[in-house]
Amino acid sequence: MPPRHEPYARRVGRQCVIVAIFLAFTGATLAQAFDHSHAAYSTILARHVVDARVDYRSLKAAPRALDDYLDGLANVSRAEFDQWTVPRQLAFLFNLYNAATLRLVVTHYPVKSIKDIGNWIKGPWDQDVVRLFGNRVSLNDLEHDILRKQYNEPRLHLALVCAAKGCPPLRNEAYIAPELDRQLTDQARLFLGSQAGLRIDRPSRTVWLSAIFKWYGQDFVRNHTPAKGFADLSKAERAVLSFCGRHVPVSKKRFLQAGIYSVRYLTYDWSLNDRQR
């Protein structure tokens, strides 16, 4: 059996090992503690979002749940985040963007448009309203410097909702990793099935697309450039139309694949996605 009193150096060494094991276990426990079901956020959305419209009045009257949820996201460290799968990371970032946007609007509500928030020097997307990994960043930072630069997922443009009627619909459920692909596919179907996402004028042979596809069409090139067709269009437009064709009914898909039409872009509706209006 070991001696009753170990040498000091050995005793200290054993204690260091024990502390290291404890810290590793504690870190793992904390990492597991994050609720990847985002249940709290789903409850908020189910309560305040109906048919993609937000009841900002009721949310402003009771913002505590939203604030608590954002506090929980802010407590996630970069080291913990880096251990997650890509779907978990994307679900986290999509929910963070949309929840932070809700909070920004609620803070300034009532407003007619999110563009009414801020000033000509710092608009709503340039304000450091997002708490992430111990820092404060803007919605633009989150979208352009993190999501667009670090992930090859153009469908992010259908997940992020900037509180405008021209945006893709705000779901009344949180994004979660196990359902993320299905949710994003559904977002594409819903948006492209709406007047805000895609319109086809058959008599004039004109396809009207959301301005989102004009602003970010290049993001679709890597994943969605078709092998053939759309000869008279730019590479970005070919990729976007190929993407659209996968998420619309057969009759629209055939029209899009024929490629005999002009492409134009809809005027973006920046009015607030407010249920009260």
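Per the working numbering, residue -1 is the first one in the sequence shown, and the count goes up by one each step.
Glycine included, C-beta positions come from ideal geometry on N, C-alpha and C.
Kindly list the residues whose CB is nearer than 8 Å to the CB of ASP267, restricted to its own chain and excluding five residues on each side of it in sequence; keep chain order.
-> Taking the first residue of the sequence shown as 1, we reach residue 267 at position 269. Closer than 8 Å at the Cβ level, and outside the excluded window around ASP267, lie ALA162, LYS163, GLY164 and ALA194.
Selection from ALA50, ALA38, SER35 and ALA31 that minimises the alpha carbon distance to ASN170 | By 1-based counting over the sequence shown, the position of residue 170 is 172. Here the closest residue by C-alpha is ALA50.
Whose CA, out of LEU91, ALA209 and ASP230, lies closest to the CA of ASP143?
-> Numbered from its first residue, the sequence shown carries residue 143 at position 145. When only C-alpha atoms are compared, the closest one is LEU91.
Do three or more CB pairs link the region 168 to 182 to the region 39 to 49 at distances below 8 Å?
-> Under the Cβ criterion (8 Å, minimum of three pairs), the region 168 to 182 counts as touching the region 39 to 49.
Please report the residue range of the alpha helix (DSSP H) in which TYR95 lies.
-> Translated into the one-based positions of the sequence shown, residue 95 becomes position 97. The continuous alpha helix (DSSP H) containing TYR95 extends over residues 84 to 106.
Taking just the CA atoms, how far does ARG252 sit from PRO61?
-> As a first step, residue 61 is located in the sequence shown; it is residue number 63 there, counting from the start. As a first step, residue 252 is located in the sequence shown; it is residue number 254 there, counting from the start. Those two C-alpha atoms are separated by around 46 Å.
Report the three-state DSSP secondary structure of SER232 (helix, strand or coil).
-> Translated into positions along the sequence shown, residue 232 becomes position 234. The three-state reading of DSSP puts SER232 in coil, since its state is none of H, G, I, E or B.
Indicate the three-state DSSP secondary structure (helix, strand or coil) for ARG203 in the structure shown.
-> Residue 203 sits at position 205 when you count from the first residue of the sequence shown. Here ARG203 sits in coil by DSSP.
Measure from the alpha carbon of HIS245 to the alpha carbon of each residue in ASN96, LEU140, ALA44 and ASP184, then state which is nearest.
-> For the purposes of this step, residue 245 is identified with residue 247 of the sequence shown, where counting begins at 1. Taking each of ASN96, LEU140, ALA44 and ASP184 in turn and checking the Cα distance to HIS245, the smallest one comes out for ASP184.
Starting from SER40 and walking both ways along the alpha helix (DSSP H), at which residues does that stretch end?
-> Residue 40 sits at position 42 when you count from the first residue of the sequence shown. Unbroken alpha helix (DSSP H) run through SER40: 37 to 46.
Report all residues from its chain with a CB closer than 6 Å to the CB of ILE210; omit the five preceding and five following residues, and keep chain order.
-> Working through the sequence shown from its first residue, we reach residue 210 at position 212. If we look at ILE210 and ignore the five residues flanking it on each side, its Cβ neighbours are HIS155.
Is LYS163 near the ligand FMN, with its Cβ less than 8 Å from a heavy atom?
-> Only the bare structure without any ligand can be found here, which leaves the ligand FMN out of the picture.
Under 9 Å, do ALA157 and LEU188 count as touching if we go by C-beta distance?
-> Locating residue 157 in the sequence shown gives position 159, counting from the first residue. Locating residue 188 in the sequence shown gives position 190, counting from the first residue. In this structure, ALA157 lies away from LEU188, with their beta-carbon atoms at least 9 Å apart.
The region 111 to 121 / the region 70 to 78 touching (three or more Cβ pairs under 8 Å) = In the pairwise beta carbon analysis, the region 111 to 121 is classified as not touching the region 70 to 78: fewer than three pairs are separated by under 8 Å.
CA-to-CA distance, ILE112 to ASN133, given in whole angstroms | Locating residue 133 in the sequence shown gives position 135, counting from the first residue. Locating residue 112 in the sequence shown gives position 114, counting from the first residue. Using only the alpha carbons, I get a separation of about 23 Å.
Residue from LYS110, VAL103 and ARG197 whose Cα sits closest to the Cα of THR265 | Position 267 of the sequence shown, counted from the first residue, corresponds to residue 265. Closest option to THR265, judged by alpha-carbon separation, among LYS110, VAL103 and ARG197: ARG197.
What is the residue span of the beta strand (DSSP E) that ASN133 lies within?
-> For the purposes of this step, residue 133 is taken as the residue at position 135 of the sequence shown. Here the beta strand (DSSP E) through ASN133 covers 133 to 135.
Which same chain residues, not among the five before or five after TYR214, have their C-beta less than 6 Å away from its C-beta?
-> Within the sequence shown, residue 214 is the residue found at index 216, counting from 1. The beta carbon of TYR214 is closer than 6 Å to those of HIS155 in its chain, skipping five residues each way along the sequence.
CB-CB under 8 Å to VAL127, same chain, minus the five flanking residues each way: which ones, in chain order?
-> Locating residue 127 in the sequence shown gives position 129, where the first residue counts as 1. Counting only Cβ-Cβ distances below 8 Å, and skipping sequence neighbours, we find ALA98, ARG101, LEU102, ARG134, SER136 and LEU137.
Just how far apart, CA to CA, sit LYS250 and CYS242?
-> Locating residue 250 in the sequence shown gives position 252, where the first residue counts as 1. Locating residue 242 in the sequence shown gives position 244, where the first residue counts as 1. In this structure, the straight-line span from the alpha carbon of LYS250 to that of CYS242 is close to 9 Å.
Give me whichever residues DSSP pairs with HIS262 in a beta bridge.
-> Sequence index remark: in the sequence shown, residue 262 carries index 264 (1-based). The sequence as given places Arg at residue 262; His does not occur at that position. Its beta-bridge partners are TRP206.
LEU188: first and last residue of the uninterrupted alpha helix (DSSP H) it sits in | For this step, residue 188 is matched to residue 190 along the sequence shown. From DSSP, the alpha helix (DSSP H) with LEU188 extends over 178 to 190.
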